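Notes for the one structure printed next.
There are 2 protein chains.
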Amino acid sequence: MLIDIALDAMGSDKAPEPEIRGAILACRQLEVRVHLVGPERTLRPLLAKQMHRAGLRHLPIKIVQASECIGMDEKAVQAVRSKRDSSMRVGLKMVREGAVAGFMTAGNTGAAMATAKMVLGALPGVDRPALVAILPTSTGKPCVLLDVGANVDCKPKNLEQFAVMGEMYARSVLKIGRPRVGLLSIGEEESKGNDLTREAFPLLKQLPINFLGNVEGRDIYNGNADVIVCDGFIGNVALKTSEGLARLVRDSLRESLTSTVTAQVGALLSRKAFNDFKKRLDHSEYGGAPLLGVRGVCIVGHGSSNDVAIMNGIRVAAEFAQAGVNARIEQSMVVADTPVSNY
Amino acid sequence: MLIDIALDAMGSDKAPEPEIRGAILACRQLEVRVHLVGPERTLRPLLAKQMHRAGLRHLPIKIVQASECIGMDEKAVQAVRSKRDSSMRVGLKMVREGAVAGFMTAGNTGAAMATAKMVLGALPGVDRPALVAILPTSTGKPCVLLDVGANVDCKPKNLEQFAVMGEMYARSVLKIGRPRVGLLSIGEEESKGNDLTREAFPLLKQLPINFLGNVEGRDIYNGNADVIVCDGFIGNVALKTSEGLARLVRDSLRESLTSTVTAQVGALLSRKAFNDFKKRLDHSEYGGAPLLGVRGVCIVGHGSSNDVAIMNGIRVAAEFAQAGVNARIEQSMVVADTPVSNY
């Protein structure tokens, strides 16, 4: 049986091309039916063209009409309020109504989060939904970092909920047995950190999870933890700093490798190795960031997503939906809320 | 005339070897006299051996006796209190007494900061001294990030002072004309950020500096700003996240490039290009982190510093001292403290 996923056709920087090609890829490789949400008049001919080019006649792709789209630079709250027929809103409504199992967009992150919170609402027991980054590590296993969606000035209780949600996601979707959960701080000892982490530490310690204690920035990439929890301001800075450094490394490497003919020949011989290397670090392989804590499945991809990234986002949405993570989070939240008995 | 610099001979992970070799390098390449601070009985024969090996007879290197050293894993406050004759304390006392123009250590960062604050004290008008990271960018110019020394739970006023100090450092030592100063946040608009950045924004805006407004994590490496100001918790996470990612990239690249014989040959041909690439991103080229806001010059290097990093640290200490940054910071602080008149 196919899983129904709604895809915001107008999300990415180069929309709708990557979305249409990503939907085609997804339908060929995964057990999904994709609902392309956007202006039908634009999408219909482009989809036909891409299908024709790929020599395909039938694929489980439907087009769902939405007349508006939210731009990357639009202010989230304003866009959500004023555009009642945006592709994001229409797609997320389909999730709420049960017409699809999940929604994926590569659009404006702030708008996606705001729309999801408004249309789907939060799971019971969750004060603030969190955006999750799935990052590569040196062990080959991913690291789950949350919140990266900018829940700023978090309370200790928020971090506690992020820990529960992140752990459940790592366990159910990424199939990591007994995920190791760390609290992002600036030193390993319990006393190290700021007011927030020092207050959150005992809350995380008493959760029924495999709590490592404090971890540091470098632990995001070295595989020492499966799940790392932090305030959204910190997570956002860590993520964007990483993006900036990755770009600097890429540009410097390219420049060095094209500086002399010998280096160029060397680079040519190592081409496959470079592609492996890139693939290992490429976020498009990870397929976007799940939004945890809303009543439904919502995946937010990077604005620069290509067709492969879109396909992987659809895959993540399908896996998220199938794993029944939300029901489990709800259950864990109730458990976490129950006061610990002394008997 | 030679500039006198005290060097903690027992700081780095592999001390005192990198320190001794770094001091020799520095004395050969720079106009400095190095005072190696540590246990004389250990240092004397090692220095003689290294001098002999390099075929040298006379260099302006002195050994200054200090009987104790502070380990990397020691708790800063405790170590500073209990070890009255540590190499850090002896070296910093020389700065206070005017026997040397500056001090450099590759030891325990927390202990170095605590000792410097205790022995030297803060400059008038400075509430919290800040540790500065000098980072590479895609334009080739460095970016000054502060605080990375973990002044956690900063007040808006602290960020204001960091901005003044960082700007002055960029101008005086790095010779950047009219440095562009950014406030590290999660979006460019003034309204984006957390409580701290939103309150700090107007304070930075009214300073007589070239204030860019908010910048994001990726701007640390793309050359969009010369100076970036943040709370020490954030700066520390950003720095350690970068370290972790850089290591992951290095390891992945190495693994990919040794996976097949063709890739190995390619890597061999590109060896010079790789060395250029590494050098460009290598923190040892930047020579350690200046501590700004104390009465004196103190540079803290990475624990993994090699001889080149030590030499560069000594160079930075000498440049810092020569530029007269502290007198200028003191002056700016007084200006910044003067209330803005309405007339």
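Residue numbers (this note's numbering), protein chains in the order written: chain R, 127 to 469; chain Z, 127 to 469.
For glycine and all other residues, C-beta sits at the position ideal for the given N, C-alpha and C.
These numbers were taken from a predicted model, which means no experiment stands behind them.
How is the alpha helix (DSSP H) around residue i delimited, first residue to last?
i        : result
Cys280/R : Cys280/R -> no alpha helix (DSSP H), and no H or E assigned at all.
Ile360/Z : Gly358 to Leu383
Leu395/Z : Val387 to Leu395
Leu151/R : Glu143 to Gln155
Lys318/Z : Unbroken run through Lys318/Z: none, as it is neither H nor E.
Gly236/R : Thr235 to Leu246
Val203/R : Ala202 to Ser208
Near residue i, what residues of its chain come up, given a Cβ to Cβ distance below 6 Å and the 5 sequence neighbours on each side ignored?
i        : result
Phe403/Z : none
Met437/R : Gly148, Leu151 and Ala152
Tyr469/Z : Only weak support is given to the placement of Tyr469/Z: the predicted model assigns it a pLDDT of 43, under 50, and the question is left unresolved by the model.
Ala202/R : Gly236, Ala237 and Ala240
Asn362/Z : Val274 and Ala276
Asp134/Z : Val163, Ser213, Met214, Gly217, Thr231 and Gly233
Leu185/R : Cys153
Leu156/Z : Arg441
Arg222/R : Val245 and Leu246
Closer than 8 Å to a non-hydrogen atom of the ligand PLP - does that hold for the CB of residue i?
i        : result
Gly303/Z : Looking for the ligand PLP in the displayed structure turns up nothing, as the structure carries no ligands at all.
Near residue i, what residues of its chain come up, given a Cβ to Cβ distance below 7 Å and the 5 sequence neighbours on each side ignored?
i        : result
Asn284/R : Asp253, Arg254 and Asn277
Arg454/Z : Met294 and Ser298
Glu166/R : Ile189 and Gln191
Val442/R : Gly413, Gly414, Pro416 and Ile425
Met244/R : Val206
Pro305/Z : Glu293, Ala296, Arg297, Asn336, Asp352 and Val353
Rounded C-beta distance between residue i and residue j? I'm assuming under 8 Å.
i        : j        : result
Asn350/Z : Ser311/Z : Not really, about 13 Å apart at Cβ, beyond 8 Å.
Gly370/Z : Ile346/R : 6 Å
Pro250/R : Met459/R : 7 Å
Asp211/Z : Ala192/Z : 6 Å
Val258/R : Leu272/R : 4 Å
Ile187/R : Val160/R : 5 Å
Val353/R : Val307/R : 4 Å
Asp199/R : Gly429/R : Not really, about 10 Å apart at Cβ, beyond 8 Å.
Thr323/Z : Leu333/Z : Wrong, their Cβ atoms sit about 15 Å apart, outside the cutoff.
Gly343/Z : Thr367/R : 4 Å
Ala364/Z : Ala364/R : 7 Å
Val144/R : Asn401/R : Note that residue 144/R is Pro in the sequence shown here, rather than Val. So it is not a contact: roughly 20 Å between Cβ atoms.
The beta strand (DSSP E) spanning residue i covers which residue range?
i        : result
Asn438/R : Not the beta strand (DSSP E): Asn438/R falls in the alpha helix (DSSP H), residues Asp433 to Ala449.
Thr231/Z : Gly228 to Thr231
Asp321/Z : Per DSSP, Asp321/Z belongs to no beta strand (DSSP E); it is in the alpha helix (DSSP H), Asp321 to Lys331.
Leu162/Z : Val158 to Gly164
Ala415/Z : Ala415 to Leu418
Lys219/R : Where Lys219/R is concerned, there is no enclosing beta strand (DSSP E), although the alpha helix (DSSP H) it sits in stretches over Ser213 to Arg222.
Ile425/Z : Cys424 to Val426
Leu310/Z : Arg306 to Leu310
Ala132/R : Ile129 to Asp134
Measure the Cβ-Cβ separation of residue i and residue j and say whether it is below 9 Å.
i        : j        : result
Gly414/Z : Ala447/Z : no
Val190/Z : Ala132/Z : yes
Met220/Z : Gly137/Z : no
Ala242/Z : Val375/Z : no
Val423/Z : Phe288/Z : no
Ile129/R : Val158/R : yes
Gly217/R : Thr231/R : yes
Ser382/R : Ala372/R : no
Gly266/R : Leu418/R : no
Gly392/Z : Leu395/R : yes
Leu172/R : Arg154/R : no
Thr168/R : Ala399/Z : no
Asp321/Z : Asp321/R : no
Using a Cβ-Cβ cut-off of 8 Å (strictly less than) and excluding sequence neighbours within five positions of residue i, which residues of its own chain qualify?
i        : result
Lys85/Z  : Lying before the first or after the last residue shown, residue 85/Z is absent from chain Z, which here runs from 127 to 469.
Gly303/Z : Arg297
Glu325/Z : Pro282
Glu445/R : Val299
Ser317/R : Arg324
Gly313/R : Gly319, Asn340 and Glu342
### Task
Select from the segment 276-290 of chain R all residues with a C-beta closer than 7 Å to any C-beta belonging to chain Z, and list them in chain order.
Ala276, Val278 and Asp279
### Message
Using a Cβ-Cβ cutoff of 7 Å, what residues of the segment 300-317 of chain Z are near chain R? List them in chain order.
### Response
Leu310 and Ile312
### Query
Closer than 8 Å, Cβ to any Cβ of chain R: which residues of the segment 325-351 of chain Z, in chain order?
Listed in chain order, the positions of the segment 325-351 of chain Z with a beta carbon within less than 8 Å of a beta carbon of chain R are Glu342, Gly343, Arg344, Asp345, Ile346, Tyr347 and Asn348.
### Message
Beta carbons nearer than 8 Å to chain Z: which residues of the segment 255-274 of chain R have them?
### Response
Pro262, Thr263 and Ser264
### Members of the segment 362-374 of chain Z near chain R, C-beta cut-off 8 Å
Asn362, Val363, Ala364, Leu365, Lys366, Thr367, Ser368, Glu369, Gly370, Leu371, Ala372, Arg373 and Leu374
### Query
Got a sec: which bits of the segment 128-144 of chain Z sit with their beta carbon under 7 Å from any beta carbon on chain R, in order along the chain?
Listed by position along the chain: nothing, the set is empty.
### Task
Below 7 Å between beta carbons is the criterion; list the residues of the segment 199-211 of chain R that meet it against any residue of chain Z, in chain order.
Listed by position along the chain: nothing, the set is empty.
### Task
Mind checking the segment 225-241 of chain R against chain Z and listing, in chain order, the residues whose C-beta falls within less than 9 Å of any C-beta there?
Residues passing the 9 Å Cβ filter: Gly236.
#### Entry: Contact list for the segment 418-433 of chain Z against chain R, Cβ threshold 9 Å
none
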